[in-house]
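If you're matching them up, the sequences are chains A and B in order. Just so you know, we're using my numbering here: the first sequence kicks off at 1 and counts up by one. Just so you know, we're using my numbering here: the second sequence kicks off at 1001 and counts up by one. Even for Gly, the Cβ is constructed at its ideal location relative to N, Cα and C. In this text, all values refer to a predicted model and were calculated from it rather than measured experimentally.
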Amino acid sequence: MGREAFEVVVANHHAEIYRYLRRVTARASEAEDLSQEAFLRGFRAYRTLPPDANVRAWMFAIATNLYRNHIRTESRRRAAHATVRSRSRENDGEGPEGEAMFNEAKAVLERVIEGLPLRQRLAFVLRKIHDLSYEEIARSLGCSQESARAHVFQAFRKVRQGLDGHALPRPEVPV
Amino acid sequence: MSPSSSSCRQIAPDLLRAAMGEASPPAAERVEEHVRRCAACRDELHRSRDVDRLVTSLGRTPVAEDRSHAVRGDLEWRLAELRRRAMTCRVWNSPLGPILIARSDRGVVLVEYLPRSGDVRASRLHRVHGIEVVEDTTDTEAFYQQLLEYLAGERTRLAWPLDFRFAASDFQREVLEATAALPYGAVTSYGRIAREIGRPSAVRAVAQALRRNPLPIVVPCHRVIGGSGSLTGYAGSKIDLKERLLAVEGVRTAHAPRDVRILRAAMYTVADRDPEYCLPTCGSLSTLPLARLTLFGTRERAEAAGLAPCTTCRPDLHPLSA
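Here's what the structure looks like:
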């Protein structure tokens, strides 16, 4: 009572949680089922959430837990890694020349991220794509902030190595 | 200095952190200092920053097969379903013993006397399929506070939103709604309710419907008694509770062997839909069956129900002795 209705939580966070799950799952149908389940669970547990809780981080934690259980329960892990993805993503609109380079680099990057160990991959996506704090990532993964930091660092190191020898799009204004 | 020199190897982790924008200020300074002197590490820093930017840009690009819109539509439908099935409850202590109050999104759905242990597992909620119940400490608190005031005689109305979904049939629902309209402090018979809903011969069915009242107190089935004036039954065999609830409302009862009865001769009486209340001896009232009467323990209660004193027997001038 007194807190915002759960509809507001759905309105504010559904798209992002869905996209998070879509990024870490191999198939669109998995992301659909998991995001549904995450919000149904959220709905049931919502009343027990402290009023000052960070609802967004809480939803990420639910989604992350569900995904990890999902991976664990079956031999889906292997299947997920074996799945060949054919993703057609739009580019950032960097002009025709940069476009091919961008798409190529991004395809390599996605493959490298897919190949990361589970916790590194989740920590990395949560940190670098969804901009969660290490405290929030630690809560999602059930580990310490130091471990969360180490996961992201290791992931970035591998990503950096994985892109060795690939041309990278350069920003127009060098930093 | 070659990139494989020991200082380069040492700086490598901080260099990566700096590229991610996560190096501590002293580490970032060390990196700056190092790359000023080392061209290879400078290149490495730039390349790592490019990688970092590429990674971050993933967040701005659409995901493949983005069906979030359709998925959200499904989700909202399922949440609406869940909301319809969801209830919260809590067992409260009351002067009448442990009482469970349950509510849905539409209103109070169940008021239930529990055994003395107050064990929520004894509730009929756990025998109903297709609902999801969670215990909640605060959701029904406002109802409970009003209930306490009511039982203390400090409140005459429980204006709660009600959810009649536990009515077993349209018939029971009609009986409950007719009963809910009985004024505070009034007593009538099952036969009267049967007449109210246009089923004058369904007296026993009315009694059965009220026996299974899912909303006792707020749907005041305690104000409905047998045609003989006997309290007959309440929530199974809890006649004592019925007697206490009536006493709160100013209705006196008398114990006969194996029976508790209202004192019809000591109550103000209203025939059918008469806008006036009378002394029980007025005209032919004493000969009418209870199925045609509504009785009040006090004049105040009759007048609070919008009734005027009868101009013939003048109960206002000749009140019944208390």
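query: Where T1253 (chain B) sits in the DSSP three-state scheme; result: strand
query: Closer than 9 Å at the beta carbon, the chain A residues around D1074 (chain B); result: E32 and Q36
query: Beta carbon of L1162 (chain B) nearer than 9 Å to that of Y1190 (chain B); result: no
query: Selected residue, minimal CA-CA separation from E1132 (chain B), among B:D1043, B:L1079 and B:T1188; result: B:L1079
query: For G1097 (chain B): DSSP bridge partner residues; result: B:S1094
query: Whole-angstrom C-beta distance between G1097 (chain B) and R1116 (chain B), which should lie under 8 Å; result: 6 Å
query: Closer than 9 Å to chain B by CB, F153 (chain A); result: yes
query: Contact with chain A by A1302 (chain B), beta-carbon distance below 9 Å; result: no
query: Contact set between A105 (chain A) and chain B, taken where Cβ atoms lie within less than 7 Å; result: L1054
query: Backbone secondary structure at F1164 (chain B) - three-state DSSP; result: coil
query: Under 8 Å by beta carbon: chain A residues contacting S1016 (chain B); result: Per the sequence shown, residue 1016 (chain B) should be read as Leu rather than Ser. Within 8 Å Cβ-Cβ: F153, F156, R157 and R160.
query: Within-9 Å CB hit, L1114 (chain B) to chain A; result: no
query: Exposure of T1179 (chain B), with buried meaning 16 or more beta-carbon neighbours within 10 Å; result: buried
query: One or two residues paired with F1296 (chain B) in a DSSP bridge; result: B:A1186 and B:Y1268
query: Any C-beta of chain B under 9 Å from that of R149 (chain A); result: yes
query: Continuous beta strand (DSSP E) stretch holding E1112 (chain B): start and end; result: V1108 to Y1113
query: DSSP state of D1316 (chain B) mapped onto helix, strand, coil; result: coil
query: Through-space distance from W58 (chain A) to R1037 (chain B), alpha-carbon basis; result: 46 Å
query: Against chain B: residues of the region 38–64 of chain A by CB proximity under 7 Å; result: F39, L40, F43 and R47
query: DSSP state of E1029 (chain B) mapped onto helix, strand, coil; result: helix
query: For P1309 (chain B), three-class secondary structure by DSSP; result: strand
query: 6 Å CB neighbourhood of L1263 (chain B) in its chain, flanking five on each side removed; result: R1252 and A1254
query: Proximity of A1070 (chain B) and T1088 (chain B) at Cβ, strictly below 9 Å; result: no
query: Interface residues of the region 1267–1287 of chain B facing chain C [CB-CB below 7 Å]; result: This model lacks chain C altogether, as its protein chains are A and B.
query: Cross-chain neighbours of R1157 (chain B) in chain A, by beta carbon under 9 Å; result: Within 9 Å Cβ-Cβ: nothing; R1157 (chain B) doesn't reach chain A, min ~23 Å.
query: Contact list for L1045 (chain B) against chain A, beta-carbon separation under 7 Å; result: Under the 7 Å cutoff, chain A gives no residues; its nearest Cβ is about 10 Å from L1045 (chain B).
query: Cβ contact (3+ pairs, closer than 8 Å) linking the region 1305–1313 of chain B and the region 1264–1283 of chain B; result: yes
query: Candidates B:G1021, B:H1318 and B:T1294: closest to F153 (chain A) by CA position; result: B:G1021
query: Uninterrupted alpha helix (DSSP H) stretches inside the region 109–138 of chain A (no shorter than 4 residues); result: 118–124
query: Segment contact flag, the region 1311–1322 of chain B with the region 1199–1218 of chain B, C-beta cutoff 8 Å, min 3 pairs; result: no
query: C-beta contact flag for H13 (chain A) and R56 (chain A) at 9 Å; result: yes
query: R1273 (chain B) beta carbon less than 9 Å from that of L1246 (chain B); result: no
query: 8 Å CB neighbourhood of L163 (chain A) in its chain, flanking five on each side removed; result: A105, V108, L109 and V112
query: Closer than 9 Å to chain B by CB, P117 (chain A); result: no
query: Residue burial classification, E1081 (chain B) (beta-carbon count within 10 angstroms, cutoff 16); result: exposed
query: Residue nearest to C1282 (chain B) in terms of C-alpha spacing, selected from B:A1304, B:L1320, B:E1300 and B:R1261; result: B:L1320
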